[in-house]
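This note's numbering runs 1118 ahead of the 1-based position in the sequence shown.
Glycine included, C-beta positions come from ideal geometry on N, C-alpha and C.
Just so we're clear, the structure is a prediction, and the values are computed from it rather than from any experiment.
Working notes for the structure below.
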Amino acid sequence: MLDTTALNQQRNFFDGHSSIWLFGYGSLIWKADFDYLERRSAYIHGWERRFWQGSHDHRGTPEAPGRVATLIRAQGAVCHGMAYRITPDVLAPLDRREKNGYLREKVPLTFVDENGDENGDESGEATEQSEGLIYLASDDNPAFLGEAPLTDIAQQIAHAHGPSGANKEYLLNLATALRELGAEDAHIFALEHQLKLL
Ligand code: BEZ
């Protein structure tokens, strides 16, 4: 299995910063088991969430991998999630946890204001943005599984289990958390629907 821990520790895009905005688009939305200074609903432009990354170490096994979220580039798309302002020491344990193909990447974030409105709309409010960090599993990593019919992905998720628990719990918790954020995500909600039909 690939181990991206050492690679990530050289991807110091925020060297010298006392805090960093980490953008969660997967399990980090509903499970933040690390200390953070602040958390804000946010989104990123030009990316779509997909259950295209294999999980051999958390939500599946090497023999029966599960599927977890990654992002693919999509012009004009918006991906909603949760941003956490963290101190840099929080990254090392995350690097170890997400070593199966995820690499740190720097992205521009846009925050959603406390009323749930996206900033910078017709109200004339200024758009509040910051550079942030994501963990991205790109299509050239060995654990990448890629596209498949939704029914096949739902079947795989329904049956996979790993040290972090059932794969279906990951999908259902993510769909619930996105609904609570008021976020649109056709892929996730269609997968949730397929899973519930099984
Ligand atoms: C996330 O929730 O953003 C995430 C968590 C682990 C690996 C990749 C992404």
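Supposed close pair residue i, residue j - CB separation, criterion 8 angstroms
i: L1189; j: C1197; result: 6 angstroms
i: T1205; j: S1248; result: Actually they are not in contact, since the Cβ atoms of T1205 and S1248 sit about 16 angstroms apart, beyond 8 angstroms.
Proximity test, residue i beta-carbon vs the ligand BEZ heavy atom, cut-off 7 angstroms
i: Y1202; result: no
i: E1298; result: no
i: I1252; result: yes
i: L1290; result: no
i: L1155; result: no
i: A1187; result: yes
i: Y1161; result: no
i: S1145; result: yes
i: E1216; result: yes
i: G1142; result: yes
Spatially closest choice to residue i from the options, by CA coordinates
i: A1276; options: A1301, L1309 and L1299; result: L1309
i: Q1312; options: L1125, K1224, Q1274 and S1282; result: Q1274
i: G1067; options: E1223, N1285 and A1304; result: Limits of the chain in this structure are 1119 at one end and 1316 at the other, which puts residue 1067 out of reach.
i: L1120; options: P1281, H1279 and G1219; result: G1219
i: L1315; options: L1299, T1269 and R1129; result: T1269
i: E1181; options: E1302, F1131, G1280 and D1133; result: G1280
i: Q1128; options: D1258, D1213 and Y1202; result: D1213
i: L1292; options: I1147, L1140 and T1123; result: I1147
i: W1305; options: N1126, A1195, H1163 and L1125; result: Before going on, a small fix: residue 1305 reads as His here, not Trp. Selected option, being the one with the closest Cα: A1195.
Sheet register partners of residue i (DSSP bridge)
i: V1208; result: Answer by DSSP bridge pairing: none, since V1208 is not bridged.
i: Q1171; result: V1186 and F1262
i: Q1247; result: T1228
i: I1271; result: DSSP lists no partner for I1271.
Neighbour flag for residue i against chain B, beta carbons, 8 angstroms
i: G1142; result: Among the chains in the structure shown there is no chain B, since it carries only a single protein chain.
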